[in-house]
Amino acid sequence: MLIERFEDRGLAQYSYAVGDEVAGRVAIVDPRRDVDVYVDWAAERGFAITDVLETHIHADFASGARELALRTGATLRLSAYDDGERYEVLHAHGLLREGDSVQLGAVRLEALHTPGHTPEHLTYLLFDSARDASVPLAVLTGDFLFVGALGRPDLLGEEAKHALARMLFKSVREKLAGLPDGMEVYPGHGAGSMCGAGMSSRPFSTLGAERLANPYLDPALTEEAFVERLLAASPPLPPYYLRMKALNAAGPPLLGHLPGGLPGLAALPLPRFRELVEDGAHVVIDVRDQLAFGADHVPGALGIGIDGQLSTWAGWLVPYDRPLLLVAADPADVEPAVRALVRVGLDGVEGWLEGGMQAWADGGLPIATLPQLSVEELAAKLEAVPAAVGSRAGDSAASEGVPPTVLDVRAASEWSQGHIAGAAHLMGGFVPQRLAEVPPGPLAVFCGGGYRSTAVASFLQRQGRNDVVNVVGGMAAWKRAGLAVERP
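Everything in the sequence shown is counted per the working numbering, starting at 70 for the first residue and increasing by one.
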């Protein structure tokens with residue numbers, strides 16, 4: 070039996086190739102949007118991709134299932150349980166119901182209906198007749214069962230989450246019963262994904278280990294206690310998730326007709342790039358690191374670095390209805406950036422600035438900066454007038470000597486583990502929808518390491534806030550400096 074995991078670190082997402090090496094037949098499960106990685110992998114090994122499957126209609130990334138099936142001639146097989154649901158796949162596909170199987174030489178995938186994360190969710194049991202045709206050796210659990218966690222049940226809104234949580238309880242109790250402890254568990258996500266809370270960084274587990282350590286598999290949990298625990302742990306719901314659900318139900322536009330299968334790979338000379346920037350329609354995404362972005366950038370650009378969760382933070386902060394332009398430190402960063410963007414349905418990249426920011430500066434064009442503040446400098450400013458922090462509503466943003474308000478944009482779980490005394494807290498992804506809650510300036514934007522704070526500070530600058538600074542190194546640097554941390 071062959072099981073190959075493909076990891077998209079920017080989304081903490083796993084897709085899989087499974088099949089029979091001897092027969093040379095494989096299925097791809099939960100493929101990402103840019104599907105050439107699977108085509109190239111199979112071609113290098115002489116394998117035929119005969120089937121493309123998905124566990125459910127995804128919310129966090131744009132699916133490549135339809136594109137991969139069309140490109141390879143594979144059979145696309147999806148859950149039959151979306152019929153009549155809020156999100157229903159509208160493009161052509163084969164149907165899988167519980168007990169249906171896909172044969173790949175000696176390897177067999179058998180569908181198991183495991184609703185809860187979504188109504189249509191399928192889990193795939195893997196059998197190998199060369200070893201034992203009656204006992205599953207592994208399982209692809211998608212967003213049903215993670216290492217140390219379960220999938221969130223609130224993707225369909227407040228009115229449906231309790232019913233879905235109860236479905237998930239039933240799936241855990243009934244569908245996992247009788248399966249062997251030694252069965253390997255391969256989930257759809259790892260730590261960093263917002264499709265569930267408390268996921269381990271380990272990419273796989275066994276069912277026996279999960280029965281011992283996963284808090285949701287505790288047999289002593291009543292249904293009510295299970296539902297209460299699960300809903301209380303659900304992370305913030307990114308607004309773009311609902312757009313991804315609708316996009317995947319309809320079927321994302323095909324990328325294969327584009328040169329290289331990707332948009333926006335052409336370099337734009339400075340005059341053309343400038344023309345597009347100045348038309349007022351385009352949004353510039355600067356994928357350089359926080360210090361480079363802080364030193365100089367195109368006015369109005371969003372600073373979301375390639376060396377981080379570009380897909381996730383672009384999903385939070387970048388408007389979907391605007392054409393996009395890129396600025397990169399190195400031309401080699403352009404293609405990975407475009408891939409990260411199309412994975413969350415941001416297909417509108419029209420090109421990148423030839424010569425980068427040096428060309429922009431050499432052209433004598435306006436340059437914006439994002440001031441950087443070390444944690445020691447921040448601490449000194451806060452210590453100067455500690456009583457002022459967090460109670461600034463009547464202050465002038467430009468008042469000389471006024472200490473900044475700290476805006477902590479980390480997740481609630483990080484905030485609860487320790488934060489700067491007097492800081493305001495607003496998870497960064499919600500800033501576009503909750504701008505009215507952003508404190509008046511001057512404002513020091515703060516996160517775990519400086520990546521997220523740069524992205525959020527750049528968004529605020531784009532909204533006209535000229536009183537923001539980025540805190541270099543975030544909480545990691547704050548703790549290294551031995552500075553005080555407050556806990557609830």
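Each residue gets a CB set at the ideal place from its N, CA and C atoms; glycine is no exception.
Check: Alpha-carbon spacing of P288 relative to L311, whole angstroms; Outcome: 33 angstroms
Check: A207 beta carbon less than 8 angstroms from that of E253; Outcome: yes
Check: Status (buried if at least 16 other CB within 10 Å, exposed otherwise) for P455; Outcome: Because the pLDDT at P455 is just 48, under 50, the model does not fix this residue reliably, and the value given afterwards should be weighed accordingly. Per the 10 Å Cβ criterion, exposed.
Check: 4 or more residues per run - each alpha helix (DSSP H) lying fully within the segment 129-164; Outcome: 134-141
Check: Contacting residues, own chain, Cβ-Cβ under 6 angstroms from D89 (five flanking each side not counted); Outcome: L173, G174, A175, V176
Check: DSSP three-state assignment for L331, whether helix, strand or coil; Outcome: coil
Check: Euclidean distance between Cα positions of G163 and D103; Outcome: 22 angstroms
Check: Neighbour-count burial assignment, D399, 16 or more Cβ in a 10 Å radius; Outcome: exposed
Check: Assigned exposure category for K230 - 16 Cβ within 10 Å defines buried; Outcome: buried
Check: Segment contact, 8 angstroms Cβ cut-off, at least three pairs: the segment 336-348 with the segment 494-508; Outcome: no
Check: Validate contact between the segment 507-523 and the segment 420-431 using beta carbons, cut 8 angstroms, 3 pairs; Outcome: no
Check: Limits of the beta strand (DSSP E) - the one that V475 falls within; Outcome: 474-477
Check: For Q441, three-class secondary structure by DSSP; Outcome: strand
Check: Neighbourhood of P308 by C-beta, 7 angstroms cutoff - its chain only, sequence neighbours within 5 removed; Outcome: Q502
Check: Minimum C-alpha distance to V478 - residue among W385, E136, T141; Outcome: W385
Check: Limits of the unbroken alpha helix (DSSP H) element including L233; Outcome: 227-239
Check: A96, enclosing beta strand (DSSP E) - first and last residue; Outcome: 94-98
Check: Three-way DSSP call (helix, strand, coil) for D212 in this model; Outcome: coil
Check: 6 angstroms Cβ shell around A92 - same chain, five flanking residues per side excluded; Outcome: G174
Check: 8 angstroms Cβ cutoff met for P222 and M496; Outcome: no
Check: Cα-Cα separation between L371 and E154, rounded to whole angstroms; Outcome: 37 angstroms
Check: Through-space distance from A480 to T523, alpha-carbon basis; Outcome: 15 angstroms
Check: Start-to-end residues for the beta strand (DSSP E) that takes in G384; Outcome: That residue, G384, is in no beta strand (DSSP E); its alpha helix (DSSP H) goes 379-386.
Check: Nearest-angstrom Cα separation, counted from A550 out to S198; Outcome: 58 angstroms
Check: Proximal residues to A138 (C-beta, below 6 angstroms), its chain only, five neighbours per side dropped; Outcome: V121, L145
Check: Assigned exposure category for Q486 - 16 Cβ within 10 Å defines buried; Outcome: exposed
Check: Residues sharing a beta bridge with E555, DSSP; Outcome: H488
Check: Simplified DSSP state of G277, which is helix, strand or coil; Outcome: helix
Check: Span separating the alpha-carbon of A462 from that of V554; Outcome: Residue confidence is low: A462 scores 40 on pLDDT, short of 50, so the model does not pin down where it sits. Its coordinate-derived value is still stated next. The straight-line gap from Cα to Cα measures roughly 24 angstroms.
Check: Continuous alpha helix (DSSP H) stretch holding T523: start and end; Outcome: 520-531
Check: Residues sharing a beta bridge with P256, DSSP; Outcome: G211
Check: Sub-8 angstroms separation of V537 and L447 beta-carbons; Outcome: no
Check: CA nearest to the CA of M313, picked from C264, G414, D358; Outcome: G414
Check: Where the alpha helix (DSSP H) through G425 begins and ends; Outcome: 425-431
Check: Simplified DSSP assignment, three categories, for R101; Outcome: strand
Check: Limits of the alpha helix (DSSP H) - the one that E297 falls within; Outcome: 292-302
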